[in-house]
Amino acid sequence: MRPHDFDITFTEGKCSALEIRAKKETLLSFVQPLVDKGTWFTSANGIIQTGIATIIVLEYSAFLQCDRELKFIKSAVDYYMKSPTVVAVEKVAREIADGNYKKEERKKKILEFVLENRLCTSLALS
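What follows is the structure in structure tokens.
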């Protein structure tokens, strides 16, 4: 099976290639604030910060009600941008980028931070 043969299935059925492309563009527009956040960082810091933020937001969005327009992801981004997690991500991204970590240590630090700062834990407690 070739990669373009795969269908993306949503709660209301399958999407055409055009719908998938539109959803990809919509998704990218929703996560754009994560990329735009902060102008002080180096490129390594920015990549780490954006990656961590994206992982946290996408995991949190999995706990929200899904819709075909992907508005649940926009809700997750909005929630994240207003949360104190933003400051924590900025701080740890700076520390990881500036630290003298080997590749495996860097991966471990990022994973540990993501697991310790999950937004979905607040849903489990409510």
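Numbering-wise, the sequence shown is residues 2 to 127 according to my numbering. Virtual Cβ for every residue (Gly too), placed ideally from N, Cα, C.
{"Check": "Alpha carbon of L120 to alpha carbon of A18, nearest angstrom", "Outcome": "32 Å"}
{"Check": "Element boundaries [alpha helix (DSSP H), containing Y80]", "Outcome": "72-83"}
{"Check": "Proximal residues to V78 (C-beta, below 7 Å), its chain only, five neighbours per side dropped", "Outcome": "F31, V32, P34, L35, V58"}
{"Check": "Check whether R107 and N46 have beta carbons under 8 Å apart", "Outcome": "no"}
{"Check": "Distance cut-off 7 Å: Y81 Cβ against heavy atoms of the ligand MN", "Outcome": "Ligands are entirely absent from the displayed structure, and the ligand MN is therefore not among its contents."}
{"Check": "Whole-angstrom distance between S76 and E70, CA atom to CA atom", "Outcome": "12 Å"}
{"Check": "Reference T51, options L65, E105, V87, closest by Cα", "Outcome": "V87"}
{"Check": "N- and C-terminal bounds of the alpha helix (DSSP H) containing K109", "Outcome": "104-117"}
{"Check": "Per-residue DSSP class, three states only, for F64", "Outcome": "coil"}
{"Check": "Among I53, I74, E60, nearest to L112 - alpha-carbon criterion", "Outcome": "I53"}
{"Check": "Chain-order list of residues whose beta-carbon lies under 6 Å from that of Y61 (same chain, five-residue window excluded)", "Outcome": "A77, L120, C121"}
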